[in-house]
Every structure is written in C-alpha cells, then in structure tokens.
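Per UniProt numbering, the very first residue in the sequence shown carries number 1; after that it's consecutive.
Note that the Cβ used here is the ideal one computed from N, Cα and C, for glycine as well.
Quantities reported herein were computed from a predicted structural model and do not represent experimental measurements.
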Amino acid sequence: MARAIVLGEFGRFLVTGGVAAGVNVGTRWLLSHAMVYEVAVAVAYLVGMATAYALTRLFVFERSGRAMVDEAVRFAIVNMVALAQVWVVSVGLARLAFPAVGFAWHAEDIAHLIGVAIPAVTSYFGHRHFSFAKRREGGA
C-alpha cells in the first residue's frame with residue numbers, strides 16, 4: 001500500500017514538474033530574445049520554480065504543518081541546488097559538449113531541455129524529505 005502511494009506521489013511530482021519545466025523552457029526561449037542564454041536559463045528557472053512550488057503544494061505532497069513561507073524557503077533551497085545542476089548541464093552542453101561534436105541543430109533548446117530533466121529525482125527526494133516534510137511536534 002505505501003509503495004503505491006509513493007509511486008502515485010512521484011507520478012504527480014513528475015507531471016507537475018513537467019508542467020513547470022514547460023513554463024521554464026518557454027520562458028527561457030522568450031527571454032533569449034532579450035538577454036544572453038546563460039542569464040535567460042537562470043531567470044527562467046526562477047519562473048519555473050514559482051510554478052513548481054504552487055503546483056507541488058496543491059497536487060503532490062500532503063500538508064507539512066509548516067507555514068507557507070517556511071515551505072517556500074525550503075523549496076527554494078532545494079531548487080537552488082537543482083538550479084546549479086540545470087545551469088551546469090545546460091550551459092556545458094550548449095557551450096562545450098555540443099560544439100565539440102559539431103552538434104548545432106537547436107543546440108541551446110536541446111541542452112536546456114536535458115538540463116531541466118536532470119534534477120527530477122534529486123528534487124523529488126529533497127522536497128519530500130525537506131521542503132514538505134511533516135513538521136515534528138515541538139520543533140522544526
């Protein structure tokens with residue numbers, strides 16, 4: 001029974017994360033018309049993160065018993081680690097790996113899609129055990 005709940009929860013996490021990733025990638029595409037790719041990746045991540053927080057809080061995890069601001073700060077901490085993963089992969093592929101192998105077809109878009117997908121599992125466990133972890137009696 002518990003395994004089914006966890007798989008259901010992870011599935012909901014992937015779906016809501018997919019929606020937020022779509023917002024992230026779409027925002028980056030729009031921002032790339034006004035700023036350099038590296039900055040657009042970071043700014044778009046923040047927009048996607050806000051979307052992910054709202055959807056994750058509504059549809060994925062049970063209430064933690066913490067204040068919304070506490071959850072949001074914890075969510076942001078987990079996502080800053082994920083942002084580092086996304087940025088390193090996205091920029092590394094687009095600026096180093098893809099040019100080294102002569103890959104140029106939508107290189108920034110594909111690099112960013114891969115980068116956004118990378119932290120799915122690490123973020124799930126971070127949010128499950130930290131961002132939305134049940135508040136313990138008498139403490140954090």
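Enumerate in chain order the residues of its own chain whose CB-to-CB distance from valine 116 is below 7 Å, with the five nearest sequence positions on each side excluded. Ala21, Asn24, Val25, Val86
Valine 78: which of Gly8, Phe132, His127, Lys134 sits nearest, CA to CA? His127
So, do the stretch 47-54 and the stretch 62-79 have three or more beta carbon pairs nearer to each other than 8 Å? yes
How about isoleucine 118 and valine 91: are their beta carbons less than 7 Å apart? no
What number of angstroms, rounded off, separates the C-alpha of phenylalanine 13 from the C-alpha of valine 60? 6 Å
Could you please give the first and the last residue of the uninterrupted alpha helix (DSSP H) stretch that includes glutamate 38? 37-59
Got a sec: is the Cβ-Cβ distance from aspartate 109 to anything in chain C below 7 Å? In the displayed structure, chain C is absent; only one protein chain is listed.
Quick one: grab the DSSP three-state call for phenylalanine 125. helix
Give the C-beta separation of alanine 42 and leucine 83 to the nearest angstrom, bearing in mind that I take them to be a contact with Cβ-Cβ under 8 Å. 7 Å
Which of helix, strand or coil does DSSP assign to glutamate 62? coil
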